[in-house]
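Each remark here refers to the structure printed beneath this line.
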Amino acid sequence: MCVGSVLLAAAGVLDGRRAATHWMHAPLLATRHPQVAVEPDAIFVRDGRVWSSAGVTTGIDLALALIEADAGRQVAMNVARVLVVYLKRAGGQSQYSALLAAQVQSESETFDSLDRWRAWEGYASGNANRKIWLS
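For the sequence shown, this note's numbering assigns the number 869 to the initial residue and increments by one for each residue that follows.
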């Protein structure tokens, strides 16, 4: 995970392969190891038997992808639910989060309200036949 890609590259494991690393370290990896095809924006990359990821939370995404590859989608989704993962992301996603950038720049709690509304919507859709009392 993350800068572990630099260690793998130094050991020659990534020679001729695609690899991910944290966006802050991608230029370093690309400069020190030009034989590695660095994908600076990917959250994780699978190139043959070698997997690499961009950071700690993307390591969870990578682990879920490994579980899905070995045991199937349903098992991976169950593990994601047990881990309380907000969203199971695919490896081709960007490390840049437009939502996070907007949240950082916002001085209001609008995004907190949005999250609460989405949680309520999920609860309500799963309990559509139950009476829900609001006080």
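We put the beta carbon where it would ideally sit given N, CA and C, even for glycine.
For residue i, which residues from the same chain have a beta carbon less than 8 Å from its beta carbon, with the 5 sequence-adjacent residues on both sides left out?
i	result
V943	I935, E936
W919	F912, V913, L930, A933, L934
R885	V904, A905, D915, G916, V918
V953	I928, L932
From what residue to what residue does the beta strand (DSSP E) around residue i run?
i	result
R914	912 to 915
Compute the Euclidean distance between the alpha carbons of residue i and residue j, then round it to the nearest angstrom.
i	j	result
D883	S974	42 Å
V871	R941	28 Å
A878	A910	20 Å
A969	T899	28 Å
R907	T925	It should be noted that the sequence gives Glu, not Arg, for residue 907. Cα-Cα distance, rounded: 17 Å.
Could you please give the first and the last residue of the uninterrupted alpha helix (DSSP H) stretch that includes residue i?
i	result
V918	Run containing V918: none in the alpha helix (DSSP H); it sits in the beta strand (DSSP E), 918 to 921.
P895	894 to 900
D929	924 to 939
If you drop the 5 nearest sequence neighbours on each side, which residues of the same chain put their C-beta closer than 6 Å to that of residue i?
i	result
L876	L882
H890	C870, A922, G923
V972	none
V947	I935
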